[in-house]
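Undergrad: First the structure, then my questions, so here it is.
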Amino acid sequence: MTAQKRRHRPALIALVIVAAVVCLAMAWWQWDRYESSSGTGQNLGYALQWPMFAVAFVYAYRRFVVLESDPEEAEKVRTNNHKVTEIPQGLLPDRPTVSATDPDSGNPEYNQLLKELAEQEKQ
905 MTAQKRRHRP
915 ALIALVIVAA
925 VVCLAMAWWQ
935 WDRYESSSGT
945 GQNLGYALQW
955 PMFAVAFVYA
965 YRRFVVLESD
975 PEEAEKVRTN
985 NHKVTEIPQG
995 LLPDRPTVSA
1005 TDPDSGNPEY
1015 NQLLKELAEQ
1025 EKQ
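For what it's worth, this note's numbering labels the leading residue of the sequence shown as 905, then goes sequentially.
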């Protein structure tokens, strides 16, 4: 496993840290809203979600660094994305089909009406 030298990008690290801190601050704020007299279950849900968003930022950065520095891992991800997958037969319902042999009985009459109206407009 030959890993290339990792390049640390201070701006990207700062962005991840700021994003994680903002997410944790939002969680704190939602928790305070939940504990207030006007707090609801929705505030509790957000208070539990925001830390997960912070973890997602850190995970995404770490995954980015690993994929950038390890060509074998990047190739593994690249080949996994190109696998052809098929939906098994019978899993989805059949699509309804319309018979093309049954002409609409009102269609010729409607076309005739439109033709007459167009002729009236020309006069």
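In this text, a Cβ means the ideal position worked out from N, Cα and C, and glycines have one as well.
#1: Do the CB positions of residue 924 and residue 951 come within less than 8 Å of each other?
#2: Can you list, in chain order, the residues of its chain whose CB lies under 7 Å from that of residue 938, leaving out five sequence neighbours each side?
#3: Can you give me the C-alpha to C-alpha distance between residue 913 and residue 976, rounded to a whole angstrom?
#4: Along the chain, where does the alpha helix (DSSP H) that runs through residue 959 open and close?
#5: By Cβ distance, which residues of its chain are closer than 6 Å to residue 954, with the 5 residues on each side in sequence left out?
TA: Taking the definition as stated:
#1: no
#2: 947, 948, 951
#3: 22 Å
#4: 945 to 973
#5: 927, 930, 931
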